[in-house]
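Report on the structure given below.
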Amino acid sequence: MTLDDPTAFADARAALYDATRIAFFTGAGMSAESGIPTFRDALTGLWERFDPMLLASIEGFEADPALVWGWYEWRRQKVMQAQPNAGHAAIATFAAQAKPRQVAVVTQNVDDLHERAGTCNAAEIVHLHGSILAPRCSVCATPAAEALINAMPDEPEGGRRLTPPRCDVCGGSMRPGVVWFGESLPADAFDRAAKLAQSADAFVVVGTSGVVEPAASLVRHARRHGATVIVIDPNDSALTREAHFWIAGSAAHALPSLLRA
Ligand code: OAD
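Numbering (this note's numbering), first residue to last: 4 to 264.
Here you go:
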C-alpha cells in the first residue's frame, strides 16, 4: 500500500495502537534521509561502488588495514556530521508517549542516530552490527581511547589509506567496531533481539533489504510468534512479502504518519 491508501493505512495504525509490545527493526534505509548511504540501493548503495569483501571482512582488513581503516574513518565522519531525520524523531516521540506499552528498537545500523534522536530515553536500543563510533583492538578487543572516538576525522569522499592506530595495551592494530561478513553477531545483542521479536505484538521493519542473515530471520521469527509485521520501504524487498502491511514510502515520510498520536 502507499500512504494514499487510507483504509489499509488505518488498519496498520490500528494494529500498531492495539499492540502492547512494539519492536522497530531498522536498516540502512532508516538513515538514508540523514545523508548516510545505504548498501544495496541501485546507483547510491555503498556496495555498488566499493567491494564488500575488501572493506567488510577480516581477510580484507588483514590484507590492507590502511585501506579499510581509511574507509571507515570516512564513514565515521559522515555519521558524526549527520543528524537524525523525521523518522528517527517519530520513533523517539512514539516511545516517549507509549507507556505502559513497551517499545524497543533493534537496529542493524552502526550509526547512533536513534540514540541522538532521544529514543534511548524511553526505549531499549539493540545494535546487532556494532558501532562505527566504537573502534577496538583487533587483537585484545580493548576499546579505543576517548580521544580517538571523539576526534572528527577529516577524510575525503571514499576515504584514503590511513594506518590504524595502535592499541595502548597490547600494541595491536585498532579495527572498526562493526561486524564484518563471516563474523558472528554479538551473542547478547542477537539473543535480546530474538526475545524482543518473539514477544512483539507489532514488528515494524524500516529500510532493510532483508538479505543479511541472521538479522533478517528476526522478521520471520516475529511473524511466526504472532506479531503483525509492518514494513516501511519505498522498494519491494525480501521482507515486503513477510509483511501484513507494506507501506511503500520513505522512513522520514511514512513513520511520522504511521506513529502520530
Ligand atoms: P540495504 O542497503 O541492503 O537495504 C536498504 C533498504 O532500505 C532497501 O530495501 C531500500 O529499498 C530501503 N530504503 C532506501 N531508502 C529508504 C528510505 N529513505 N526509507 C526507507 N527505506 C529506504 O541495507 P541493510 O538491509 O541495512 O552490514 O543492510 C544489511 C547489512 O548489510 C548492513 O547492516 C551492513 C550491510 O553489509 C554490516 O554493517 C555488518
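Built from N, CA and C at the ideal position, the CB exists for glycine as well.
Item, Value
"Beta-carbon contacts of residue 137 that lie in its chain and below 6 Å, excluding the five residues immediately before and after", "180"
"Nearest-angstrom Cα separation, counted from residue 222 out to residue 105", "18 Å"
"Residue 177 (DSSP reduced to helix, strand or coil)", "strand"
"Rounded Cβ spacing between residue 261 and residue 19 (contact assumed at less than 8 Å)", "7 Å"
"Residue interval of the alpha helix (DSSP H) (run including residue 256)", "254 to 262"
"With 16 other Cβ atoms within 10 Å as the buried cut-off, status of residue 13", "exposed"
"Given 8 Å, three or more beta-carbon pairs between the stretch 129 to 136 and the stretch 102 to 118", "yes"
"Residue 235 CB to nearest heavy atom of the ligand OAD below 8 Å", "yes"
"Straight-line gap, residue 239 to residue 192 (C-alpha atoms, nearest Å)", "28 Å"
"Cα-Cα separation, residue 44 to residue 251", "15 Å"
"Beta-carbon gap between residue 225 and residue 206 smaller than 9 Å", "yes"
"Close beta carbons around residue 72, own chain, < 6 Å, minus the five adjacent residues each side", "165 and 167"
"Which listed residue (219, 141 and 98) has its alpha carbon closest to that of residue 196", "219"
"Sufficient close CB pairs (3 or more, under 8 Å) joining the stretch 170 to 184 to the stretch 49 to 64", "yes"
"Distance CB(residue 246)-CB(residue 208) smaller than 9 Å", "yes"
"Continuous beta strand (DSSP E) assignments of at least 3 residues falling wholly in the stretch 136 to 219", "205 to 209"
"Boundaries (first-last residue) of the alpha helix (DSSP H) holding residue 100", "89 to 100"
"Length of the line joining the Cα atoms of residue 244 and residue 150", "45 Å"
"Nearest-angstrom Cα separation, counted from residue 21 out to residue 74", "44 Å"
"Contact the stretch 152 to 165 vs the stretch 88 to 106: 3+ CB pairs below 8 Å", "no"
"C-beta contact flag for residue 188 and residue 212 at 9 Å", "no"
"Closest Cα partner of residue 82 within the set 89, 38 and 60", "38"
"Between the CA atoms of residue 77 and residue 155 - distance to the nearest angstrom", "10 Å"
"heavy atom of the ligand OAD below 8 Å from residue 10 C-beta", "no"
"Paired residues, beta bridge with residue 105 - DSSP", "24"
"Pick from 66, 32, 170 and 204 that is closest to residue 114, judged by C-alpha positions", "32"
"Residue 93 versus 120, 157 and 194, residue with shortest Cα-Cα distance", "120"
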